[in-house]
Amino acid sequence: MKLLVAGYNTRHIVCSAKRAGYTVYALDHFGDIDLRMCADGVVTFDSIASSRELMQHVQEFGFDALVLGPGFENFRSPCVTLNNSPEIMDSVTDKAWLAEKLRKLGMRHPDTHIVCEDYVPEFPVMVKPRRGSGGIKNRLITCEAALSEFVSTHCDDEYIAQEFVHGIPGSVALICTGDEAQAIAVNEQLVGVPWLTHLPFAYCGNVTPLATPFGDEMMRLAEELACELGLVGSNGVDFMITDDGPVVIEVNPRFQGSIDTVERSTGMNVFDMHVKAFAGALPVQARHARFSAKALVFPHGMLSVDAGMSEGLLSMLDKGLAADIPSEGQRIVPGDPVVTLLAEGQSRDEAMGKVKRCSSHVLRLCKF
Numbered sequence: 004m005k006l007l008v009a010g011y012n013t014r015h016i017v018c019s020a021k022r023a024g025y026t027v028y029a030l031d032h033f034g035d036i037d038l039r040m041c042a043d044g045v046v047t048f049d050s051i052a053s054s055r056e057l058m059q060h061v062q063e064f065g066f067d068a069l070v071l072g073p074g075f076e077n078f079r080s081p082c083v084t085l086n087n088s089p090e091i092m093d094s095v096t097d098k099a100w101l102a103e104k105l106r107k108l109g110m111r112h113p114d115t116h117i118v119c120e121d122y123v124p125e126f127p128v129m130v131k132p133r134r135g136s137g138g139i140k141n142r143l144i145t146c147e148a149a150l151s152e153f154v155s156t157h158c159d160d161e162y163i164a165q166e167f168v169h170g171i172p173g174s175v176a177l178i179c180t181g182d183e184a185q186a187i188a189v190n191e192q193l194v195g196v197p198w199l200t201h202l203p204f205a206y207c208g209n210v211t212p213l214a215t216p217f218g219d220e221m222m223r224l225a226e227e228l229a230c231e232l233g234l235v236g237s238n239g240v241d242f243m244i245t246d247d248g249p250v251v252i253e254v255n256p257r258f259q260g261s262i263d264t265v266e267r268s269t270g271m272n273v274f275d276m277h278v279k280a281f282a283g284a285l286p287v288q289a290r291h292a293r294f295s296a297k298a299l300v301f302p303h304g305m306l307s308v309d310a311g312m313s314e315g316l317l318s319m320l321d322k323g324l325a326a327d328i329p330s331e332g333q334r335i336v337p338g339d340p341v342v343t344l345l346a347e348g349q350s351r352d353e354a355m356g357k358v359k360r361c362s363s364h365v366l367r368l369c370k371f
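Going left to right, the sequence shown walks through residues 4 to 371 as the numbering used here numbers them.
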């Protein structure tokens, strides 16, 4: 089976597909070195703003099925596509729609309003884009004056204000067939980690598994919600784990960044399970052989990859410590990660200790 994976960053999906034995091509914005080493062919692009533009690019390939990755999941395609339907994507990725759906299902979820609605919030509130962002554009607002200032410059329906929930960020990765679902991992989410980013709410990676007394409840809720939404393939549900239990934050009806840690922790192949789910097959429950950590290192400012940095990152790739390796001469803007770090251990602390030491090495290579 020949597959095309299209997205802004596709390495994690493409390499999983290749390990599963598929012939796989990539349409990717970054064109990282390890993506090119893995894929059967790579075409890069600067920007694609519409489904029509995407179709113009995919005509360069011969393939049996298309997988829409990061940034493209809501696009519509006449091709055979291994994704949730556009109608499901449009609904589930709308945080305002999801909040109302969760309310009707009786699942715990932060109180959520479109920012320009006339309502009286309890501060603090988290203001975030109604769709997407990976936490990069999230902003914590602590008073009425600050919210009024934000509304004055964003008085539309593209942002939501959400009750701020204190807790540990986590997620459940699951495989779904539309009417059944099997959770395969409970993950810790790394958000706004100071030694990885200056962005306070940016997604920075994962640790798999997350040891929590609420793990079984999180998996049950995620499976129930996935079936209610009719999700198919690889999907994820984000939670905030409070003292009183898990609170659903978002649903990710697509491949998640945790694919790296889930696979390295369990030995399972997420992409293969994703494809088989479209034929109605669910995997067995996963067993974790080790802890796996993934960390995204963000630049402190504009960065150009020089020869020394490129050589150092390639050495880390060879040792299995890094992924998403930029090419020499590539410019990395604030908000885009420099590199992904990966490590395993027999405990969370061991795995996280390894990626933290590697992050210090990366920052030295970047000369920050």
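By construction, the Cβ of each residue, glycine as well, lies at the ideal position given by its N, Cα and C atoms.
Contact between Asn272 and Arg106 does not hold, since their C-beta atoms are separated by about 36 Å, which reaches or exceeds 8 Å. Burial is judged here by how many other beta carbons sit within 10 angstroms of a residue's own beta carbon; Arg257 has at least 16 and is buried. Pro132 has Tyr162 as its beta-bridge partners, per DSSP. Here the alpha carbons of Cys369 and Met312 stand approximately 6 Å from one another.
Of Ile178, Met4, Glu147 and Leu38, the smallest CA-CA separation from Asn86 is found for Ile178. Shortest Cα-Cα distance from Met355 to any of Glu226, Gly260, Trp198 and His169 involves Trp198. Where Glu331 is concerned, there is no enclosing alpha helix (DSSP H), because DSSP gives it neither an H nor an E.
The three-state reading of DSSP puts Val175 in strand, counting E and B together. When DSSP assignments are scanned along the segment 200–246, the uninterrupted stretches of alpha helix (DSSP H) that are 4 or more residues long and fall wholly within it turn out to be 218–232. Secondary structure note for Ser295: its beta strand (DSSP E) is the uninterrupted segment Phe294 to Val300.
Annotation: Gly248 is outside any alpha helix (DSSP H); the continuous beta strand (DSSP E) that includes it extends over Gly248 to Asn255.
For Lys98, the CB contacts under 6 Å within the same chain, skipping 5 residues up- and downstream, are Arg133 and Ile163 in chain order.
In the DSSP assignment, Val27 falls within the beta strand (DSSP E) that extends over Thr26 to Asp31.
At least 8 Å separates the beta-carbon of Ser80 from that of Phe274. Around Asp182, the same chain offers Cys230 as residues with beta carbons nearer than 7 Å, after the five sequence neighbours per side are excluded. Check the Cα spacing between Phe301 and each of Phe48, Val95 and Leu366: the tightest is with Leu366. Straight-line measurement puts the Cα of Ile187 at about 8 Å from the Cα of Val287.
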